Each structure stands twice: as C-alpha cells, then as structure tokens.
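For reference, the structure is listed below as structure tokens.
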Amino acid sequence: MELFINPAHQVIYKRVDKNTFSYKEIILPGEWKSKSINSEISGSFYMSALNSGLTDQETVNITNLFQSKLNFSRDIRVGDHFQVVRSQQFVDGTPTGQSRIEAIRIFARKHCYTGFLFEDGNYYDVHAESLARAFRRYPFNGRHRISSPFNLRRKHPITGRISPHKGTDFAMPIGTPIYATADGVVKRVKNHPFAGKYIEIKHDGRYATRYLHLSRITVRRGQKVQRGERIAMSGNTGRSTGPHLHYELHIKGRAVNPLTAKIPMAASVPKNKITAFNKRVANLIAMMEPKVEISSAPNDGIKQ
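Just so we're aligned: the sequence shown equals residues 2 to 305 in the working numbering.
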C-alpha cells in the first residue's frame with residue numbers, strides 16, 4: 002500500500018504478517034524555483050495578494066508576520082504596492098504544493114516594511130532585526146551609567162520624601178538619541194513640570210513604556226512606531242538633578258523594573274552572520290526588481 006502525500010513525499014506500507022506492517026518513507030529533495038512578484042494594491046491587500054498569484058495561506062502568513070507593524074485595513078491604500086520572492090518545489094517538473102516566502106517588501110504610503118527569511122528559519126527586516134513581536138532592553142545604543150535604579154521605596158533626591166521611583170535613570174549627555182523599545186502607538190506627548198518633555202507608547206495593549214526629561218521629541222500622538230525607531234533626544238527638562246533619561250516599563254498598568262522584567266526579547270542576526278545576511282538581502286532585493294524565474298533560489302544556507 003502506498004500513501005501519496007505529494008510528489009516529493011510518499012510513504013510505502015508493506016505487510017509483514019497478519020497484524021504487522023512495515024513502512025518506508027520516501028522524501029525527495031526536488032527542485033526549488035524562485036519567482037518574484039511585484040504587484041499594486043487595487044483593493045484590499047488580501048485580494049490583491051491572491052490576484053498576484055499568492056495562495057490563501059501565504060497571504061495569511063504575510064499578514065501575521067507584519068501584524069504588529071502594519072494594520073492591513075487602515076494603513077494600506079489603493080496604489081501602494083508589494084514585492085515578494087516565493088520559492089516553490091517541483092519534482093520532475095510537477096509542483097509538489099510546497100512553497101515558502103523568501104522575502105517581502107510592502108510599500109505603504111511613505112513606509113517600506115521588509116522581511117527576509119534567513120538560515121535559522123526566522124524573518125528579519127532589512128536592518129537585521131527580528132520581525133517577532135518583542136522588546137529591546139534599552140532605549141538607546143551603547144552603554145550609559147545607571148544614576149538611579151528602579152525602586153518603589155526610594156527617597157526622592159530633591160524632596161527627601163518616600164517617592165516610588167517607577168523607572169530607571171540613565172545618565173547621558175543631552176541630545177543622545179532615544180529609540181522605541183518595541184512596536185507600538187504613541188499615546189501621549191507632553192511637557193510636564195516634573196517629568197519634563199516625555200512620551201508614552203502603548204504596545205499591544207498589555208505593555209506601555211515612558212521616556213522622560215527629553216530635550217526634543219520627534220514623534221506625535223497617534224503615530225505608529227517600530228522597535229528601534231528614533232523617537233526623541235535625551236535632555237534635562239522638568240524636575241531633574243542632571244542630564245539623564247528616565248525610562249519606565251508598565252505591564253497591565255503596573256510599573257516593573259525594565260531591566261529585569263520578563264518580557265519577550267527581540268533578536269537580531271548574530272554579528273558573525275551579518276555579512277551572510279546582508280549578501281542574501283542584496284540578492285533577494287535584486288530578484289524583486291525584475292520579474293524573473295530561475296532554477297534555484299539564492300539558498301544562502303536556507304534548508305530545503
């Protein structure tokens with residue numbers, strides 16, 4: 002008896018005796034062919050993707066991949082466009098039904114959202130940052146000294162009263178770039194007598210972050226931001242003992258230590274893989290421009 006799953010995958014059963022069967026599984030590597038798709042949005046993204054030749058499952062996978070960065074109902078307009086590199090498996094010229102998305106670029110208004118499959122099976126943007134919903138631990142690059150740690154029983158350095166310190170203070174020069182620690186929406190941009198110029202960002206409903214004592218703010222209320230996007234410059238505004246950033250993390254409305262809280266952490270391509278990743282990205286972007294089909298995708302370590 003033979004079980005035919007697809008042209009690349011078969012299982013052959015053989016009776017050994019009255020009550021026993023042996024089986025042999027046959028998996029053929031087949032040939033993977035890659036094709037670039039370049040299509041304009043003419044209605045919804047879903048229907049435009051199907052009309053371009055993508056399957057229902059591939060379209061769902063793409064929307065799931067970008068769901069924390071892009072609202073496919075509100076952020077996409079007619080006339081926007083997308084590019085995809087898709088690989089399909091063939092055995093003796095017959096498609097097996099197996100496919101994978103190698104790369105995606107979605108051009109929505111003034112933004113370009115990118116995703117590239119790498120050898121570890123994960124997708125990263127063009128800057129080598131994981132597309133998984135997650136946080137970076139610090140809202141800045143490099144290292145800066147902690148001038149006042151998270152402490153809900155702290156004595157305020159100016160008033161002397163017990164005043165919960167709901168965040169962590171980092172001493173840094175005025176004008177240091179400050180970055181969003183996760184994808185989200187700017188819910189508040191204020192200039193407060195004590196907090197100075199500050200920003201509050203909501204992340205997926207459960208999480209919120211706050212950035213205080215800023216010198217300059219580069220985002221506006223209601224704006225969507227991505228993890229690692231610059232949102233402000235550090236400063237010394239409000240009630241402050243010196244130039245620093247006060248950073249808070251709230252989970253379900255409760256302030257937690259941003260340096261020790263158990264939160265989904267963002268991953269990026271390891272440093273020793275960056276060169277290979279950048280080469281793969283360059284190859285995939287080159288494939289997206291013309292509409293071509295080749296006998297083999299730029300494998301670059303991707304397991305077939």
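Virtual Cβ for every residue (Gly too), placed ideally from N, Cα, C.
Predicted, not measured: the structure shown is a model, and the values here were computed from it.
For N258, there is no enclosing beta strand (DSSP E), since its DSSP letter is neither H nor E. Judged by DSSP in its simplified three-state form, T160 adopts coil rather than helix or strand. Proximity to I200 across S37, S148, I163, T219 peaks at T219, based on C-alpha coordinates. DSSP, read as helix, strand or coil, puts Q99 in strand.
Closest by C-alpha distance to V79, out of S45, I63, T64, is S45.
Here R211 is bridged, per DSSP, to E201, E249. Of the candidates P178, Y180, H214, the residue whose Cα lies closest to the Cα of F195 is H214.
In the three-state reduction of the DSSP assignment, L285 falls in the helix class.
For N237, the CB contacts under 8 Å within the same chain, skipping 5 residues up- and downstream, are I175, G197, H214, S216, G243, P244, H245 in chain order.
Remark: C-beta atoms of M288 and S88 do not approach each other more closely than 8 Å. Sixteen is the threshold: since fewer than 16 other Cβ atoms of the shown chains lie within 10 Å of the Cβ of K188, the residue is exposed. Minimum Cα-Cα distance from F151 among the listed residues I13, T169, N284, Q84 corresponds to T169. Unbroken beta strand (DSSP E) runs of no fewer than 3 residues, entirely contained in the stretch 51-137, are found at 82-92, 95-109, 112-118, following chain order. Here I102 is not near I42, since their CB atoms are 8 Å or more apart.
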